[in-house]
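Contents: one structure, followed by commentary.
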Amino acid sequence: MLFDVLTKNSRFVIVEGKEETDAGCSMAPDSLVVPKTSLRLCQRLPGTVTLR
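So this is what it looks like as structure tokens:
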């Protein structure tokens, strides 16, 4: 489910790792999830909770 969210969300890029994928896994264990933009911890997004 997380893989589906990450691949359908245009804010992230998955850099595939070089290790083999395990049976039933969608990406290699050494893959990286990289945000396309800088993270803004104070930015309010729909469905998020802001901690103060």
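For the sequence shown, the positions run 64 to 115 when our numbering is used. C-beta atoms are modelled at their ideal positions from N, C-alpha and C, and glycine is treated no differently. From a predicted model like this one, the values you see are computed outputs, not experimental measurements.
Verify whether the separation of the beta carbon atoms of glutamate 82 and proline 98 is less than 8 Å. no
Please name the residue, chosen from Ala86, Cys88, Asp85, Phe75, that lies closest to leucine 95 on a Cα-to-Cα basis. Phe75
Looking only at its own chain, which residues have a Cβ that is under 8 Å from the Cβ of glycine 80, when we skip the five neighbours before and after it? Met90, Ala91, Pro92, Asp93, Ser94, Leu95
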